[in-house]
Structure formats: C-alpha cells, structure tokens
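**Student:** With positions in the sequence shown counted from 1, the corresponding number in this note's numbering is that position plus 34.
Here a beta-carbon is modelled for each residue, glycine too, at the ideal position from N, C-alpha and C.
Fair warning: this is a prediction, and the values are worked out from it, not measured in the lab.
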Amino acid sequence: MYYRRKILLALLQEFGGRLNGTDFQKYLFLLTREQVSPAFDFVPYKFGGFSFQSYADKRTMTGYGMIKNMDNWSISDKTDYISQLTQDDQVSVMKVKRECGSLNGKSLVRYVYLKYPYYAIKSEIAVDCLSKDELAEVNKHKPTQNGYAFFTIGYEGKTFDYYLNQLVENNIRVLCDVRKNPISMKYGFSRNQLEDACKKLGIGYIHFPELGIESAKRKNLADKTDYEKLFKEYEKKTLPANKVSLEILYQVFLKDKRIAITCFEADHNFCHRHKIVKQIKKQPNWAFQIEHL
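What follows is the structure in structure tokens.
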C-alpha cells in the first residue's frame with residue numbers, strides 16, 4: 035500500500051474511524067502542515083484547501099473495501115494503521131487530534147481559514163464563517179497578477195494538486211495542452227481528469243494535439259543530441275505545417291492574457307514547448323513576459 039494511503043487511514047483511525055468529507059480534508063490539511071515532506075498537496079477550492087489526490091485514493095480504497103463508501107470517510111477494518119507510520123508522523127497525527135479534535139464543521143473551517151487564508155480564496159462558504167474584516171484578509175491573498183504572461187509548465191515530478199496550485203498561484207486563465215496524446219499513467223494528467231479539474235477551478239482548457247510530438251518519436255532519446263535532433267525536425271516540419279494552430283494559440287493568449295502551455299517534461303529545454311515559445315515570440319511587436327514553471 036502506498037504510504038500516503040496509510041496516512042489517510044491512520045488519521046481516520048485517530049478520529050474514531052468516521053468523518054465527513056469537509057472535516058477530513060481540514061484535518062488532513064493540518065496534518066500536512068506538520069510534515070517536513072507533506073504526504074499530500076492542496077489547492078484552493080470551493081470549501082477551502084482540497085486534495086484531489088486524496089479523493090482518488092479514497093475511490094481506490096473504497097474499491098478495495100478499506101473505506102466503506104464514497105459518501106463519508108468511514109474505515110472498514112480494525113487494522114492499526116497509526117503504528118505503521120513513521121514516529122514523526124505518528125506524533126503529527128496525534129497533535130492534530132489533540133489540538134483540533136474539539137473543532138468540527140464551521141468552527142474547524144473557520145480555524146483553518148484564519149490560519150491559512152490563501153486556501154480560502156475560492157471558498158463558497160467563507161462568507162458564512164468569517165467576519166467582513168477576516169474576509170478582507172482572505173481577499174489579500176488572491177492572486178493579483180493581471181498583466182500579460184505566457185507560461186510553460188511540465189508535470190514531471192509534481193503531484194496533481196501541486197501542479198494545479200501553480201496554475202492558481204499564477205492566475206493562469208487557460209491551460210493549453212500541447213501533448214499529441216493527452217494520456218498519462220500518473221493520476222490527474224490524462225485529458226478528462228485534467229480538463230475537469232481545471233473547470234472546477236475556473237481555468238479554461240484547450241487541447242492542441244497538432245502541436246504535439248508523436249510518442250514513437252520520443253522513444254529512445256538517450257542524450258541531449260537526440261533531443262536536439264528531434265526538436266530540429268519539429269521546428270522544421272511540425273510548426274510550419276501548423277501555422278493556423280499557432281495563430282489560434284496566440285489569439286487565446288491575447289484574449290485571456292495569462293495562459294500556459296503544458297506537456298510532461300520538467301525542464302522546458304527538453305520539451306518541445308520551448309520551440310513553441312520560440313515561434314510565438316516571432317509575432318510582430320512581441321514584448322510579453324515568458325515564464326517556465
């Protein structure tokens with residue numbers, strides 16, 4: 035079993051084996067604040083900080099019969115999951131229970147919002163939990179960047195929630211997927227999951243398959259020379275053949291101001307998206323910020 039799932043089950047065990055969804059997310063969020071290397075990342079969502087990964091794990095564990103159903107967080111067995119954690123994580127789980135176990139519902143939400151206001155920026159219930167001054171403090175944490183900026187972002191080495199949070203933090207309004215085949219074995223990064231999550235966060239999603247590179251051509255890339263050869267062919271053949279798509283991408287940028295093109299590689303220099311940027315920069319009077327996340 036993945037260690038992070040043991041974290042979920044141990045936390046649930048510490049709280050008596052059953053919690054509603056909102057309370058569990060808040061306790062899990064607080065637990066990860068205690069960890070040097072958080073087991074889960076979070077993104078601001080309609081009830082505060084939310085981990086899409088934790089719910090994916092919940093669905094899997096429900097299928098295995100470890101969680102009773104998807105309605106609440108309810109453990110199915112008597113296994114001692116707390117003892118399976120590291121000593122530091124055992125201490126952290128017990129600390130969350132000791133310091134916040136008396137809080138639930140609105141009082142718990144309020145506690146988390148006041149302590150971590152950034153994660154309340156998209157909350158639909160903050161107005162019911164916070165005063166006018168407290169809401170003003172939350173609003174101070176909303177991303178304020180509104181100027182033109184063209185981003186590129188890879189998901190290699192990132193959790194789904196960390197990746198999504200980068201989009202939110204940078205006030206990215208449209209995610210442009212430049213993979214030929216937007217399918218990934220990594221949770222969250224296949225098209226349907228990615229597009230759905232973006233929609234929930236108020237971020238547009240557009241797929242540009244014609245700007246991608248066929249998977250077969252990406253196999254057996256052993257060194258920098260192989261990549262340079264691949265990108266040279268891409269720059270010479272693929273981009274000139276897809277001027278219409280590049281123009282559409284540019285118009286999306288002009289309209290929405292803050293967009294990101296995405297693919298897998300963490301280093302944009304080893305991804306074709308750096309060639310797309312090079313081509314986009316050839317637009318007349320280009321004077322816009324480019325940032326690689």
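Could you have a look at Ile-101 and say whether DSSP puts it in helix, strand or coil?
**Tutor:** To locate residue 101, count along the sequence shown from 1; it is residue 67. Strand, per DSSP.
**Student:** In the stretch 201 to 257, which residue ranges form an unbroken alpha helix (DSSP H) of at least 4 residues, counting only runs that do not cross its ends?
**Tutor:** Complete alpha helix (DSSP H) runs here, min 4: 225 to 234 and 249 to 252.
**Student:** Just tell me which of Glu-244, Cys-232, Met-219 and Arg-207 has its CA closest to the CA of Val-77.
**Tutor:** Numbered from its first residue, the sequence shown carries residue 77 at position 43. Of the listed residues, the one whose Cα sits closest to Val-77 is Cys-232.
**Student:** For Gly-82 and Ala-154, which I take to be in contact (beta-carbon distance under 8 Å), what is that distance rounded to the nearest angstrom?
**Tutor:** Working through the sequence shown from its first residue, we reach residue 82 at position 48. Working through the sequence shown from its first residue, we reach residue 154 at position 120. Right, their Cβ atoms sit about 5 Å apart.
**Student:** Mind checking Glu-48: buried by the 16 CB within 10 Å criterion, or exposed?
**Tutor:** Looking up residue 48 in the sequence shown gives position 14. Answer is buried; the Cβ neighbour count reaches 16.
**Student:** For Lys-270, tell me which candidate among Cys-297, Gln-313 and Ser-249 has the shortest Cα-Cα distance.
**Tutor:** Indexing the sequence shown from 1 puts residue 270 at position 236. With distances taken between Cα atoms, Lys-270 lies closest to Gln-313.
**Student:** By the DSSP assignment, the alpha helix (DSSP H) with Tyr-79 in it spans what residues?
**Tutor:** On the sequence shown, position 45 is the one that residue 79 refers to. Careful: Tyr-79 lies outside any alpha helix (DSSP H), inside the beta strand (DSSP E) at 77 to 79.
**Student:** If we ignore side chains and look at the alpha-carbon of each, how far apart do Ile-240 and Ile-116 end up?
**Tutor:** Counted from its first residue, the sequence shown places residue 240 at position 206. Counted from its first residue, the sequence shown places residue 116 at position 82. About 43 Å.
**Student:** So, at 6 Å on beta carbons, what are the nonlocal neighbours of Arg-225 in its own chain, with the 5 sequence-adjacent residues on each side left out?
**Tutor:** Along the sequence shown, one-based indexing puts residue 225 at 191. Hits under 6 Å: Pro-216.
**Student:** For a quick check, are the C-beta atoms of Asp-114 and Ala-73 less than 9 Å apart?
**Tutor:** What you label residue 114 is simply residue 80 of the sequence shown in a count that begins at 1. What you label residue 73 is simply residue 39 of the sequence shown in a count that begins at 1. No, the Cβ-Cβ distance between Asp-114 and Ala-73 is not below 9 Å.
**Student:** Can you grab the Cα-Cα spacing for the pair Pro-318 / Ile-324, in whole Å?
**Tutor:** Numbered from 1 along the sequence shown, position 284 holds the residue referred to as residue 318. Numbered from 1 along the sequence shown, position 290 holds the residue referred to as residue 324. Roughly 16 Å separates the two Cα atoms.
**Student:** For Asp-230 and Gln-87, what's the separation of their Cα atoms in angstroms?
**Tutor:** Here residue 230 refers to the residue found at position 196 of the sequence shown. Here residue 87 refers to the residue found at position 53 of the sequence shown. Taking the straight line from one Cα to the other gives about 14 Å.
**Student:** What is the rounded straight-line gap between the Cα of Leu-245 and the Cα of Lys-289?
**Tutor:** Position 211 of the sequence shown, counted from the start, is the residue given in the question as residue 245. Position 255 of the sequence shown, counted from the start, is the residue given in the question as residue 289. So the two alpha carbons sit approximately 20 Å from each other.
**Student:** State buried or exposed for Met-104, treating a residue as buried only when at least 16 other CB atoms are found within 10 Å of its CB.
**Tutor:** Residue 104 sits at position 70 when you count from the first residue of the sequence shown. Met-104 comes out exposed.
**Student:** Taking three-plus beta-carbon pairs below 8 Å as touching, is the stretch 247 to 266 in contact with the stretch 185 to 205?
**Tutor:** Touching, no, given that fewer than three Cβ pairs across the two stretches are closer than 8 Å.
**Student:** Which first and last residues belong to the beta strand (DSSP E) in which Ala-183 is found?
**Tutor:** As a working mapping, residue 183 is identified with position 149 in the sequence shown. That run of the beta strand (DSSP E) goes 183 to 188.
**Student:** Are the CB atoms of Lys-80 and Phe-174 within a distance shorter than 9 Å?
**Tutor:** Position 140 of the sequence shown, counting from 1, holds the residue named residue 174. Position 46 of the sequence shown, counting from 1, holds the residue named residue 80. Reading the sequence as shown, one finds Lys at residue 174 and not Phe. Against a cut-off of 9 Å, the Cβ pair of Lys-80 and Lys-174 comes out as no contact.
**Student:** Which partner residues of Leu-53 appear in the DSSP bridge assignment?
**Tutor:** On the sequence shown, residue 53 is found 19 positions in, with the first residue counted as 1. Beta-bridge pairing links Leu-53 to Trp-107.
**Student:** Please name the residue, chosen from Lys-149, Asn-254, Gly-97 and Asp-57, that lies closest to Met-140 on a Cα-to-Cα basis.
**Tutor:** Locating residue 140 in the sequence shown gives position 106, where the first residue counts as 1. The question names Met, but residue 140 is Lys in the sequence shown. Nearest C-alpha to Lys-140: Asp-57.
**Student:** What does the Cβ neighbour count give for Lys-156, buried or exposed, with the cut at 16 atoms within 10 Å?
**Tutor:** As a position in the sequence shown, residue 156 is number 122, starting the count at 1. When all chains shown are included, Lys-156 counts as buried.
**Student:** For Leu-164, count the other beta carbons within 10 Å of its own beta carbon; 16 or more makes it buried, fewer makes it exposed. Which is it?
**Tutor:** Residue numbering aside, residue 164 sits at position 130 when the sequence shown is read from its first letter. Per the 10 Å Cβ criterion, buried.
**Student:** Could you give the C-beta distance for Phe-223 and Phe-194, rounded to a whole number, given that I count them as a contact under 8 Å?
**Tutor:** In the sequence shown, the residue the question calls residue 223 occupies position 189. In the sequence shown, the residue the question calls residue 194 occupies position 160. With 8 Å as the limit, Phe-223 and Phe-194 qualify as a contact, their Cβ atoms being about 7 Å apart.
**Student:** Mind listing, in chain order, the continuous alpha helix (DSSP H) runs of no fewer than 4 residues lying wholly within the stretch 117 to 170?
**Tutor:** Runs found: 121 to 134, 139 to 149 and 160 to 163.
**Student:** In whole angstroms, what separates the C-alpha of Glu-168 from that of Ser-126?
**Tutor:** Counting from 1 along the sequence shown, the entry for residue 168 is found at position 134. Counting from 1 along the sequence shown, the entry for residue 126 is found at position 92. Cα to Cα, the separation comes out at about 28 Å.
**Student:** For Met-35, is the classification buried or exposed, using 16 other Cβ atoms within 10 angstroms of its Cβ as the cut-off for buried?
**Tutor:** Position 1 of the sequence shown, counted from the first residue, corresponds to residue 35. Looking at its Cβ environment, which holds fewer than 16 other Cβ atoms inside 10 Å, Met-35 is exposed.
**Student:** Going by other Cβ atoms of all chains shown within 10 Å of its Cβ, with 16 needed for buried, is Ser-249 buried or exposed?
**Tutor:** Sequence index remark: in the sequence shown, residue 249 carries index 215 (1-based). Exposed, by the Cβ-count rule.
**Student:** Relative to the C-alpha of Asn-106, which candidate in Ser-85, Leu-46 and Lys-112 has its C-alpha closest?
**Tutor:** Counting from one through the sequence shown, the residue named residue 106 turns up at place 72. The shortest C-alpha separation from Asn-106 is found at Leu-46.
**Student:** When DSSP builds the beta bridges, which residues end up paired with His-326?
**Tutor:** The count along the sequence shown starts at 1 and reaches residue 326 at position 292. Its beta-bridge partners are Thr-186.
**Student:** Just tell me which of Ile-109, Ile-101, Asp-91 and Phe-185 has its CA closest to the CA of Val-286.
**Tutor:** Looking up residue 286 in the sequence shown gives position 252. Val-286 has its Cα closest to that of Phe-185, out of Ile-109, Ile-101, Asp-91 and Phe-185.
**Student:** For Asp-211, which residues from the same chain have a beta carbon less than 6 Å from its beta carbon, with the 5 sequence-adjacent residues on both sides left out?
**Tutor:** Taking the sequence shown and counting its residues from 1, the one referred to as residue 211 is at position 177. Around Asp-211: His-241 and Thr-296.
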